[in-house]
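Peer 1:
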Amino acid sequence: MIGALAAAEPRLPLPPASVACTLLAPRLPGVSRANCEAAQLEESGAYSRKGVPLYWRDVVSKAPEGKASAEPLRVLVIGAIHGDELTAGALAMRWIALAGRAPRDVHWRFVPVANPDGLLARRPQRTNAKGVDLNRNFRTPGWDHDAPLHWKTRARKDPRRWPGTQALSEPETRFLNDQVERFEPQLVVSIHAPYGVLDFDGPVTPPRQLGALRLEQVGVFPGSLGHFGGLQKGLPVVTIELPNALRMPKEAEQRDMWADLLRWMDVRLPSDVREARGKERSKADPAS
């Protein structure tokens, strides 16, 4: 009787981090359940095409006393916008722990899995549940003409690179667009795989390398995040292409990439980005 009563008692809902880790951790190479739980992911309030929560985590790190800046840099880190690039989501998840220990004034916002439907498909897929390549779905100049034309000619109608019927047609892309507009990051880091290079778009001097990844700018595409952020919004967009979509780099390499990113941020972002931001604000408000 006692057992029956106990079984009938309502269970408390699991916290968002536990739900997120039940879904995501089994698909992320090199990410244990403990790693995932430590990341303390939260529901953003936005959902994928299939209704899966888009999880995020904000981390605010502090510089040592005496080296604090007036305003922390805002950095948006995005992983797995392509659902079959499993290591991209895994690296973003692992870097959450490093962000908390970075002795710099930075407000980090992590979206480790931007395309959960693709990542959680029975066979992980590049596109979202509607078959849209989210990294071709951002609103960029001339999208209505250029994106379909690029897909038909350059991409040869590859279904993995379909840009959708209109820009920002997908909830996942709209969510990321909102992060750029509302969070106003001064740097976007987008993690991909498996080309093993470092790409960059934007108005400042790019990093020459992150860990073993060397700079090799591959150009821009209609509807891509690099085009939208780097060219249209004037944001530095660092695109990391890990060498393998299924096998994580060794932990030492993960830390080397992180350390190189921080060193580049120290040199380039405080002056270059803030100067550019100041010019934008002056144009918007001539009286300032």
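Here my numbering runs 22 ahead of the position in the sequence shown, where the first position is 1.
Built from N, CA and C at the ideal position, the CB exists for glycine as well.
All figures in this text were calculated on a predicted structure; none of them were measured in a lab.
1) Can you name the residues that DSSP bridges to HIS129?
2) Assuming contact is defined by CB atoms lying nearer than 7 Å, are VAL133 and ILE100 in contact in what I supplied?
3) The beta strand (DSSP E) that contains ILE118, what's its start and end?
4) Run the CB neighbour count on GLN188, radius 10 Å, all protein chains shown included, and call it buried at 16 or more, exposed below.
5) Among the residues of its own chain, which have a CB less than 7 Å from the CB of PRO193, if the five just before and after it don't count?
6) May I ask you to list the residues that DSSP assigns as paired with THR227?
7) Give me the Cα-Cα distance between LEU76 and ARG131, rounded to the nearest whole angstrom.
8) What is the residue span of the alpha helix (DSSP H) that HIS214 lies within?
9) What three-state label does DSSP hand GLU206 in the structure shown?
10) Does DSSP put ARG285 in a helix, in a strand, or in coil?
11) Please classify GLY252 as buried or exposed, where buried requires at least 16 neighbouring CB atoms within 10 angstroms.
12) Under the rule that 16 or more other beta-carbon atoms within 10 Å means buried, what is ARG126, buried or exposed?
13) Could you give the residue range of the alpha helix (DSSP H) that holds GLU64?
14) Would you mind sorting GLY186 into buried or exposed? The rule is 16 or more other CB atoms within 10 Å of its CB.
15) My guess is that ALA177 and GLU107 are in contact by the Cβ rule of under 8 Å, so how many angstroms apart are they, rounded?
16) If you run the structure through DSSP and keep just helix, strand and coil, what is ALA306?
17) Which same chain residues end up closer than 6 Å to HIS129 when comparing Cβ atoms and leaving out the 5 residues on each side of it in sequence?
18) Identify the residues that DSSP records as bridge partners of ILE103: which are they?
19) Just list the residues that DSSP pairs THR44 with in beta bridges.
20) DSSP state of GLU238, grouped into three classes?
21) Please classify ALA151 as buried or exposed, where buried requires at least 16 neighbouring CB atoms within 10 angstroms.
22) Given a cut-off of 7 Å, decide if VAL219 and GLU263 are closer than it, judged by their beta-carbon atoms.
23) For LEU76, name the three-state secondary structure that DSSP assigns.
24) Closest by CA to ASN57, which one among GLU87, ARG183, SER66, ALA114?
25) Between which two residues does the alpha helix (DSSP H) harbouring THR162 extend?
Peer 2: Working from what's here:
1) Taking the sequence shown and counting its residues from 1, one reaches residue 129 at position 107. Secondary-structure assignment with DSSP links HIS129 through a beta bridge to VAL82, ARG96.
2) Residue mapping note: residue 133 aligns to position 111 of the sequence shown, counting from 1. Residue mapping note: residue 100 aligns to position 78 of the sequence shown, counting from 1. Yes. Within cutoff.
3) Position 96 of the sequence shown holds residue 118. Going by DSSP, ILE118 is part of no beta strand (DSSP E) but of the alpha helix (DSSP H) stretching over 108 to 121.
4) If you number the sequence shown from 1, residue 188 lands on position 166. Classification for GLN188: exposed.
5) Numbered from its first residue, the sequence shown carries residue 193 at position 171. Only ALA68, TYR69, SER70, ARG71 meet the Cβ criterion.
6) As a position in the sequence shown, residue 227 is number 205, starting the count at 1. Bridge partners of THR227: none, in fact.
7) The count along the sequence shown starts at 1 and reaches residue 76 at position 54. The count along the sequence shown starts at 1 and reaches residue 131 at position 109. Just so you know, the alpha carbons of LEU76 and ARG131 end up roughly 13 Å apart.
8) Stepping through the sequence shown from its first residue, residue 214 is reached at position 192. In the DSSP assignment, HIS214 falls outside any alpha helix (DSSP H) and within the unbroken beta strand (DSSP E) covering 209 to 214.
9) Numbered from 1 along the sequence shown, position 184 holds the residue referred to as residue 206. Of the three classes helix, strand and coil, the one that applies to GLU206 here is coil, per DSSP.
10) In the sequence shown, the residue the question calls residue 285 occupies position 263. Residue state, collapsed to three classes: helix.
11) For the purposes of this step, residue 252 is taken as the residue at position 230 of the sequence shown. Classification of GLY252: buried, given that the 10 Å Cβ count is 16 or more.
12) The count along the sequence shown starts at 1 and reaches residue 126 at position 104. Classification for ARG126: buried.
13) Against the sequence shown, residue 64 aligns to sequence position 42. First-last for GLU64: 64 to 69, but that is the beta strand (DSSP E), not the alpha helix (DSSP H).
14) Residue 186 sits at position 164 when you count from the first residue of the sequence shown. A residue is called buried once 16 or more other Cβ atoms fall within 10 Å of its Cβ, and GLY186 is buried on that count.
15) Looking up residue 177 in the sequence shown gives position 155. Looking up residue 107 in the sequence shown gives position 85. In fact, because the Cβ distance is near 17 Å, the residues do not count as touching under 8 Å.
16) Residue 306 sits at position 284 when you count from the first residue of the sequence shown. Any reading at ALA306 must be qualified, since the residue scores a pLDDT of 41, below 50, and its modelled position is unreliable; no value is offered.
17) Locating residue 129 in the sequence shown gives position 107, counting from the first residue. VAL82, PRO94, ARG96, listed in sequence order.
18) By one-based count along the sequence shown, residue 103 stands at place 81. Beta-bridge pairing links ILE103 to no other residue.
19) For the purposes of this step, residue 44 is taken as residue 22 along the sequence shown, with counting starting at 1. Answer is none; THR44 lacks a bridge partner.
20) Your numbering for residue 238 matches position 216 in the sequence shown. GLU238: coil per DSSP, three-state reduction.
21) Numbered from its first residue, the sequence shown carries residue 151 at position 129. ALA151 is buried by the Cβ-count criterion.
22) The residue given as residue 263 occupies position 241 in the sequence shown. The residue given as residue 219 occupies position 197 in the sequence shown. Judged by their CB atoms, GLU263 and VAL219 are nearer to each other than the 7 Å cut-off.
23) Along the sequence shown, one-based indexing puts residue 76 at 54. Three-state DSSP puts LEU76 in a strand.
24) Taking the first residue of the sequence shown as 1, we reach residue 57 at position 35. Of the candidates GLU87, ARG183, SER66, ALA114, the one whose C-alpha sits nearest the C-alpha of ASN57 is ALA114.
25) Position 140 of the sequence shown holds residue 162. THR162 -> no alpha helix (DSSP H), and no H or E assigned at all.
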